[in-house]
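**Student:**
Number of protein chains: 2
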Amino acid sequence: MKKVKIALLGLGNVGCGVWKILNSNKEEIQKRSGYEIEVAKILVRETKKDRGVIVPEEILTTDFNEILNDKDIKIVIEVMGGIEPAREYMLKAMDKKKHIVTANKMLLATGGDEIFEKADSMGVMFHYEASVAGGIPIINGINESLTANKVEQLYGIVNGTTNYILSKMETEGLSFKAALDEATEKGYAEADPISDIEGFDAQYKLAILSSLAFGTKIDVENVYREGITNIKSIDMDYAKEFKMVIKLLAIVKDVNGKLELRVHPTMIPKNHPLANVYDSFNAIFIKGNAVGDLMFYGRGAGDLPTGSAVVSDLISILRSNIDLENINPVVKNNLWDKKIRDIRSVESKYYIRTTVEDKPGVLGEITTILGDCGISLRSVIQRGVESPQHDKVTLVLVTHYTKEAKVIEAIDEIYELKTVKKIDNIIRIEDFKN
Amino acid sequence: MKKVKIALLGLGNVGCGVWKILNSNKEEIQKRSGYEIEVAKILVRETKKDRGVIVPEEILTTDFNEILNDKDIKIVIEVMGGIEPAREYMLKAMDKKKHIVTANKMLLATGGDEIFEKADSMGVMFHYEASVAGGIPIINGINESLTANKVEQLYGIVNGTTNYILSKMETEGLSFKAALDEATEKGYAEADPISDIEGFDAQYKLAILSSLAFGTKIDVENVYREGITNIKSIDMDYAKEFKMVIKLLAIVKDVNGKLELRVHPTMIPKNHPLANVYDSFNAIFIKGNAVGDLMFYGRGAGDLPTGSAVVSDLISILRSNIDLENINPVVKNNLWDKKIRDIRSVESKYYIRTTVEDKPGVLGEITTILGDCGISLRSVIQRGVESPQHDKVTLVLVTHYTKEAKVIEAIDEIYELKTVKKIDNIIRIEDFKN
Ligand SMILES: NC(=O)c1ccc[n+]([C@@H]2O[C@H](COP(=O)([O-])OP(=O)(O)OC[C@H]3O[C@@H](n4cnc5c(N)ncnc54)[C@H](OP(=O)(O)O)[C@@H]3O)[C@@H](O)[C@H]2O)c1
Ligand SMILES: NC(=O)c1ccc[n+]([C@@H]2O[C@H](COP(=O)([O-])OP(=O)(O)OC[C@H]3O[C@@H](n4cnc5c(N)ncnc54)[C@H](OP(=O)(O)O)[C@@H]3O)[C@@H](O)[C@H]2O)c1
Numbered sequence: 001m002k003k004v005k006i007a008l009l010g011l012g013n014v015g016c017g018v019w020k021i022l023n024s025n026k027e028e029i030q031k032r033s034g035y036e037i038e039v040a041k042i043l044v045r046e047t048k049k050d051r052g053v054i055v056p057e058e059i060l061t062t063d064f065n066e067i068l069n070d071k072d073i074k075i076v077i078e079v080m081g082g083i084e085p086a087r088e089y090m091l092k093a094m095d096k097k098k099h100i101v102t103a104n105k106m107l108l109a110t111g112g113d114e115i116f117e118k119a120d121s122m123g124v125m126f127h128y129e130a131s132v133a134g135g136i137p138i139i140n141g142i143n144e145s146l147t148a149n150k151v152e153q154l155y156g157i158v159n160g161t162t163n164y165i166l167s168k169m170e171t172e173g174l175s176f177k178a179a180l181d182e183a184t185e186k187g188y189a190e191a192d193p194i195s196d197i198e199g200f201d202a203q204y205k206l207a208i209l210s211s212l213a214f215g216t217k218i219d220v221e222n223v224y225r226e227g228i229t230n231i232k233s234i235d236m237d238y239a240k241e242f243k244m245v246i247k248l249l250a251i252v253k254d255v256n257g258k259l260e261l262r263v264h265p266t267m268i269p270k271n272h273p274l275a276n277v278y279d280s281f282n283a284i285f286i287k288g289n290a291v292g293d294l295m296f297y298g299r300g301a302g303d304l305p306t307g308s309a310v311v312s313d314l315i316s317i318l319r320s321n322i323d324l325e326n327i328n329p330v331v332k333n334n335l336w337d338k339k340i341r342d343i344r345s346v347e348s349k350y351y352i353r354t355t356v357e358d359k360p361g362v363l364g365e366i367t368t369i370l371g372d373c374g375i376s377l378r379s380v381i382q383r384g385v386e387s388p389q390h391d392k393v394t395l396v397l398v399t400h401y402t403k404e405a406k407v408i409e410a411i412d413e414i415y416e417l418k419t420v421k422k423i424d425n426i427i428r429i430e431d432f433k434n
Numbered sequence: 001m002k003k004v005k006i007a008l009l010g011l012g013n014v015g016c017g018v019w020k021i022l023n024s025n026k027e028e029i030q031k032r033s034g035y036e037i038e039v040a041k042i043l044v045r046e047t048k049k050d051r052g053v054i055v056p057e058e059i060l061t062t063d064f065n066e067i068l069n070d071k072d073i074k075i076v077i078e079v080m081g082g083i084e085p086a087r088e089y090m091l092k093a094m095d096k097k098k099h100i101v102t103a104n105k106m107l108l109a110t111g112g113d114e115i116f117e118k119a120d121s122m123g124v125m126f127h128y129e130a131s132v133a134g135g136i137p138i139i140n141g142i143n144e145s146l147t148a149n150k151v152e153q154l155y156g157i158v159n160g161t162t163n164y165i166l167s168k169m170e171t172e173g174l175s176f177k178a179a180l181d182e183a184t185e186k187g188y189a190e191a192d193p194i195s196d197i198e199g200f201d202a203q204y205k206l207a208i209l210s211s212l213a214f215g216t217k218i219d220v221e222n223v224y225r226e227g228i229t230n231i232k233s234i235d236m237d238y239a240k241e242f243k244m245v246i247k248l249l250a251i252v253k254d255v256n257g258k259l260e261l262r263v264h265p266t267m268i269p270k271n272h273p274l275a276n277v278y279d280s281f282n283a284i285f286i287k288g289n290a291v292g293d294l295m296f297y298g299r300g301a302g303d304l305p306t307g308s309a310v311v312s313d314l315i316s317i318l319r320s321n322i323d324l325e326n327i328n329p330v331v332k333n334n335l336w337d338k339k340i341r342d343i344r345s346v347e348s349k350y351y352i353r354t355t356v357e358d359k360p361g362v363l364g365e366i367t368t369i370l371g372d373c374g375i376s377l378r379s380v381i382q383r384g385v386e387s388p389q390h391d392k393v394t395l396v397l398v399t400h401y402t403k404e405a406k407v408i409e410a411i412d413e414i415y416e417l418k419t420v421k422k423i424d425n426i427i428r429i430e431d432f433k434n
């Protein structure tokens, strides 16, 4: 049996998952890769910490140079996260002809080009399946299995924390706050949950997926983003009434050659496969012009699922000839130049929840404004609100397909009305027909 | 741009799909593969037939030797189906160092070894993503993306025709016959639907998937098989009452190192992701010891979805170096020897529908037999039956987990009872907990 030495950068959540899998599935990995794998070094900040896994102390190091300068280490697995020093370490490792596996979505989404180009110029392999949707093989799926397609649309539930929160709000009627607390307690949400609940994490992932699906460079700034902090139980109730559910979707559509990129809470029909993705599960739904509708579903995070993707990447590298002088990785994110559509050009249906005075004529004023803006309504629901004076009502409007720019214009005008107390929420509705 | 010549064997459903994709997605395929692809020859039985696609007449041929002896044809795409002459043609083409893409599940499931060995010994690439579940990249998924896992269980809805029929029975209350007629009308079911409705097609596919997932040779004869022809509307009704649905599942489980392989109608909980796979869609649900629960969902048949898999395979071959003298394909179906568990050893819950005389004591007699066989009941439902004399009732029994051998024994005894008119149906229940 051939032998190979590898190194890990990081032994946190994912690093420990990788370590566990390399041990528990040793025989499978050997047979499938053809190699006996030795983890020669692991970079950490603190060698004395209890990590819940038994790792020989002598392989832990705080000095990256021990890895960099060890010629026998052929593959480096970066699972430390963050931009620096992860970026620097990967670039240096590639300069020394080491192949790379990474799970670092943030780095890929913000500075991926430099990394890809380095891999290309050094002729080393660079794999990153774990960077999006943990154990779900969506990167490989797009890069290897959908190559015959023009991808038309991609819709992802790519953040487990927010899906967990929305699931709890939907199925158990919890408030956003209570659901977030539960997610934190269960270890799904991090101490600082902003990146999840404000949609930044999903934004990174959508940038990576879109770049691959459309073979083009995507600047993460071009992904429109809204989080889920404004979703209330009452929105869940209305959604249910419309036979819909609310999910944080990462959406990219090719509309006449321009890409529309957005992350936001979305109402989707209850009978759509994505609507039945609950708890912390992730799923990515793709429409290709040949394959039609396709969905990948699974665990988007966690030590073992993410480790599964990392170790499978490692096996892919071992199955290729790691000693070949020049591998030619096909760079797939610079095949086309695609223009980006502004969010104002998006066409969608909209759910608009407002609080208005309980007076005759209010609805008339609002519908006149909508009509003047060229927006037609699909339904209107008016209900009493718990207020001391019983003088306010909730008015929910659902539009037909319309341009976002028109909605923005109309909302500005509606908000000017003296009878309108509040625009409580606006949620885009996706029926997967456009 | 590099150029490559390929040939198709067959220009039926799938062949036409491949042809259409090669034309409509020409630019994508060129950029992603790095090649301009020329279809130099297409083998058919009848060159004059109208096929709904425009193909230059001079590339159609009825003589396989024109393809075999053309040195410039580097890749052969076999989409003719059947065992012979598909088998012979593929073997001969590999002897001439041509790479192969095939969609032929029947051949792979029954005579795959010989083909794989030939590919291995000739050092040519051999891809067959389309052979299972059409456009869903499940072969690649298992072969490339789950390699870090011990697969524990796999459950597939891998036959679109039967899923369409069962969906119609469930959601529209159609009889089996009416649903089958509709499937035939829509072109989902073939003129001779036996292979689909009796589960042979699913049996082939399960043999292929299991062989890959467990790295072992699977004889298709070792896959237990039951079709859906015995499912009645009343079974659908009971399933609904139990918050379940009935699906034709292809199941493989590793039980203490032995494989349990079976295709049969199965009651599954309505809230399981597989339960929401409707119409002619396919899905494969996998439990891996690292990745956890994973599901792939999409179109299992049709010209374009199947063509998507075939053309993606073609692109994979082109991305590798097709001129390398010796590719080393990793043969993955002979890594382990696995024993097969007999169906009688399966542990499951069972739904048993019987027709019995409407007399006191009947239920007692039956439960006594079940008790004597060590089977405990979870629920019993008794209902009147439309019969002239109103002297019969339907008795539905649902068991807890029990060994199939015990159920067979009990049923034999129950059927001996004079008060028992008929054992109408026995359906295994899968709760995904065992
Ligand atoms: N967690 C998931 O489920 C998941 C899923 C998909 C992708 N990812 C990605 O995987 C990566 C790792 O995530 P994680 O959750 O495993 O992170 P984590 O638990 O915070 O672990 C980070 C590890 O890296 C080490 N490290 C960090 N900075 C270092 C430095 N400057 N020098 C040396 N060692 C350093 C830490 O060492 P110490 O332990 O000594 O502090 C720790 O072992 C991230 O890119 C993340 O986005 C995570
Ligand atoms: N249909 C699907 O959705 C689907 C999905 C997955 C996998 N598959 C697999 O794909 C393969 C093809 O299926 P299909 O539905 O495309 O079959 P099909 O429509 O029956 O087409 C078969 C083609 O092969 C040609 N052919 C058959 N025997 C031949 C012979 N002896 N010599 C020369 N040409 C011959 C036929 O020529 P003529 O046209 O001249 O008769 C026809 O063009 C099968 O292995 C099937 O299991 C199909």
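One line per chain: the protein sequences are Z and E, in this order.
Position one of the first sequence corresponds to residue 1 (UniProt numbering), numbered consecutively onward.
Position one of the second sequence corresponds to residue 1 (UniProt numbering), numbered consecutively onward.
Glycine included, every Cβ here is placed at the ideal spot set by N, Cα and C.
Taking the alpha-carbon of E:V223 as reference, which of E:L22, E:I343, E:Y89, E:D293 has the nearest alpha-carbon?
**Tutor:** Among E:L22, E:I343, E:Y89, E:D293, the Cα nearest to that of E:V223 is on E:I343.
**Student:** So with Cβ pairs under 7 angstroms, would you call E:G292 a contact of chain Z?
**Tutor:** Cβ-Cβ to chain Z under 7 angstroms: yes for E:G292.
**Student:** Report the residues of the stretch 195-206 of chain Z with a CB closer than 7 angstroms to any CB of chain E, ordered along the chain.
**Tutor:** Answer in chain order: no residues at all.
**Student:** Looking at chain E, which residues of the stretch 143-173 of chain Z have a Cβ within less than 7 angstroms of any of its Cβ atoms?
**Tutor:** Those residues of the stretch 143-173 of chain Z that come within reach of chain E (Cβ to Cβ, closer than 7 angstroms) are E144, S145, L146, T147, A148, N149, K150.
**Student:** How should Z:R45 be labelled, buried or exposed, when 16 other C-beta atoms within 10 angstroms of its C-beta is the threshold for buried?
**Tutor:** So Z:R45 counts as exposed.
**Student:** Using the three-state DSSP reduction, which class does E:D291 fall into: helix, strand or coil?
**Tutor:** With the sequence shown as reference, residue 291 of chain E is identified as Val, and Asp is not the correct amino acid for it. Coil at E:V291, not helix or strand.
**Student:** Could you tell me the distance, in whole angstroms, from the CA atom of Z:K270 to the CA atom of E:G227?
**Tutor:** Whole-angstrom Cα-Cα distance: 31 angstroms.
**Student:** Looking at E:E46 and ligand 2, is the gap between the Cβ and the nearest heavy atom below 6 angstroms?
**Tutor:** Checking the Cβ of E:E46 against ligand 2 gives yes.
**Student:** Taking 6 angstroms as the line, does the beta carbon of Z:A148 fall inside it for any heavy atom of ligand 2?
**Tutor:** Z:A148 Cβ: outside cutoff for every heavy atom of ligand 2.
**Student:** Are there 16 or more other CB atoms within 10 angstroms of the CB of E:W19, so buried, or fewer, so exposed?
**Tutor:** The residue in question, E:W19, is buried, as its Cβ has 16 or more Cβ neighbours within 10 Å.
**Student:** Can you give the beta carbon distance from E:K118 to E:L91, rounded, assuming they're within the 8 angstroms contact cut?
**Tutor:** Right, their Cβ atoms sit about 5 angstroms apart.
**Student:** I want to check one thing, is the minimum distance from the CB of Z:E306 to the heavy atoms of ligand 1 below 6 angstroms?
**Tutor:** The amino acid at residue 306 of chain Z is misidentified as Glu; the sequence shows Thr. Yes - ligand 1 has a heavy atom lying nearer than 6 angstroms to the Cβ of Z:T306.
**Student:** Can you check whether the C-beta of E:Y297 is within less than 7 angstroms of a C-beta belonging to chain Z?
**Tutor:** With 7 angstroms as the cut-off, E:Y297 counts as an interface residue toward chain Z.
**Student:** Count the other CB atoms, across all protein chains shown, that sit within 10 Å of the CB of Z:T171; report buried if there are 16 or more and exposed otherwise.
**Tutor:** Exposed.
**Student:** Under the rule that 16 or more other beta-carbon atoms within 10 Å means buried, what is E:S379, buried or exposed?
**Tutor:** Under this definition E:S379 is an exposed residue.
**Student:** Report the start-end ranges of each alpha helix (DSSP H) in the UniProt domain "ACT" (351-428) of chain Z that is 4 residues or longer and not cut off at the edges.
**Tutor:** DSSP runs (the alpha helix (DSSP H)) wholly in the UniProt domain "ACT" (351-428) of chain Z: 362-372, 404-416.
**Student:** Mind checking whether the beta-carbon of residue 445 of chain E lies closer than 6 angstroms to any heavy atom of ligand 2?
**Tutor:** In the structure as shown, chain E starts at 1 and stops at 434, and residue 445 of chain E therefore has no counterpart that could be examined.
**Student:** In three-state DSSP terms, what is E:N140?
**Tutor:** Helix.
**Student:** Just verifying my parser: in three-state terms, what is the DSSP assignment at Z:F296?
**Tutor:** Reduced to three states, the DSSP call for Z:F296 is strand.
**Student:** With a threshold of 7 angstroms between beta-carbons, can Z:L335 be considered close to chain E, or not?
**Tutor:** Z:L335 counts as touching chain E.
**Student:** Determine whether the Cβ of Z:P305 lies closer than 7 angstroms to any Cβ atom of chain E.
**Tutor:** Yes, Z:P305 counts as interfacial toward chain E.
**Student:** According to DSSP, simplified to helix, strand and coil, what is E:Y164?
**Tutor:** Note: E:Y164 maps to helix in three-state DSSP.
**Student:** Three-state secondary structure (DSSP) at Z:V44?
**Tutor:** Coil at Z:V44, not helix or strand.
**Student:** Do Z:V53 and residue 450 of chain Z have their beta-carbon atoms positioned less than 7 angstroms apart in this structure?
**Tutor:** Outside the modelled stretch of chain Z, which goes from 1 to 434, sits residue 450 of chain Z, for which no answer is possible.
**Student:** Quick check: what's the CA-CA separation for Z:Y188 versus E:N149?
**Tutor:** Looking at the two C-alpha atoms, the distance is approximately 23 angstroms.
**Student:** When the Cα of Z:D424 is compared with those of Z:V385, Z:E198, Z:G371, Z:S167, which residue comes out closest?
**Tutor:** Residue Z:V385 is the option with its Cα nearest to Z:D424.
**Student:** Taking the CB atoms as reference points, tell me whether Z:I315 and Z:R32 lie closer together than 7 angstroms.
**Tutor:** Yes, they are a contact pair.
**Student:** Does the Cβ of Z:N163 have 16 or more other Cβ atoms within 10 Å, making it buried, or fewer, making it exposed?
**Tutor:** Z:N163 comes out buried.
**Student:** Would you mind working out which of Z:V362, Z:K243, Z:L248, Z:L259 sits nearest Z:S211, comparing C-alpha positions?
**Tutor:** The residue with the shortest Cα to Cα distance from Z:S211 is Z:L259.
**Student:** So is Z:V4 in contact with chain E if we call contact Cβ pairs under 7 angstroms?
**Tutor:** By this cut-off, Z:V4 is not an interface position.
**Student:** So what does DSSP say about Z:F176, is it helix, strand or coil?
**Tutor:** Here Z:F176 sits in helix by DSSP.
**Student:** Spell out whether any CB of chain E is found under 7 angstroms from the CB atom of Z:V79.
**Tutor:** Chain E, which has no Cβ nearer than 7 angstroms to the Cβ of Z:V79, makes this no.
**Student:** Using a Cβ-Cβ cutoff of 8 angstroms, what residues of the UniProt domain "ACT" (351-428) of chain Z are near chain E? List them in chain order.
**Tutor:** Residues: none.
**Student:** Just to confirm my understanding: we take E:T355, look at its own chain, exclude 5 residues before and 5 after, and list those with CB closer than 7 angstroms. What are they?
**Tutor:** Taken in chain order, the residues that qualify are V385, K392, T394, K421, K422, D424.
**Student:** Does the Cβ of E:P85 lie closer than 6 angstroms to at least one heavy atom of ligand 2?
**Tutor:** Yes, the beta carbon of E:P85 sits closer than 6 angstroms to at least one heavy atom of ligand 2.
**Student:** For the stretch 216-240 of chain E, list every residue whose C-beta sits within 9 angstroms of some C-beta in chain Z, in sequence order.
**Tutor:** Flagged: no residues at all.
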